[in-house]
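J.: First residue of the sequence shown? That's 156 in the numbering used here, and the numbers climb one at a time after it. We put the beta carbon where it would ideally sit given N, CA and C, even for glycine.
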Amino acid sequence: MTLTTLAACNIAQGTADIIARDQARGVVNDVVAERFPGIDATPVTDCVIDNASAQEILIVAGAAVTGVTEQTSRTVSGILQRPDTVLCISRNALVSLEAFA
Numbered sequence: 156m157t158l159t160t161l162a163a164c165n166i167a168q169g170t171a172d173i174i175a176r177d178q179a180r181g182v183v184n185d186v187v188a189e190r191f192p193g194i195d196a197t198p199v200t201d202c203v204i205d206n207a208s209a210q211e212i213l214i215v216a217g218a219a220v221t222g223v224t225e226q227t228s229r230t231v232s233g234i235l236q237r238p239d240t241v242l243c244i245s246r247n248a249l250v251s252l253e254a255f256a
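1) Taking three-plus beta-carbon pairs below 8 Å as touching, is the stretch 181-197 in contact with the stretch 214-221?
2) Please classify Ala207 as buried or exposed, where buried requires at least 16 neighbouring CB atoms within 10 angstroms.
3) Measuring straight from C-alpha to C-alpha, what distance separates Glu189 and Leu213?
4) Any idea what DSSP makes of Ala188, helix, strand or coil?
5) Thinking just about the alpha-carbon of each residue, which of Gln236, Glu225, Ala209, Ala196 is nearest to the one in Ile173?
6) When the Cα atoms are used, what is the spatial distance from Glu258 to Thr230?
7) Start and end of the alpha helix (DSSP H) containing Arg229?
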């Protein structure tokens, strides 16, 4: 494989990853907004996406086409419960509160 071919593959993979993450972001935002009405879902969504595995991103992104299923909700819920996700959310909440100070 030449370097040009390898670079093209990396670019294509990076683009596919960005598209999947963007689709997953929309789904997660909807799930979070539904489960926690009245909060700004965006920072929570960012934490979920940042702490999701590639497999989880694909599962959640698929719901952008098929609709949110029980598996989608379980996946998002599982990511929300991870210590790194909880820490991320708490940090984002503090930053949000500082904006009001």
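T.: Let's see:
1) yes
2) buried
3) 21 Å
4) helix
5) Ala209
6) Residue 258 lies beyond the range of the chain shown here (156 to 256); nothing can be said about it.
7) 225-235
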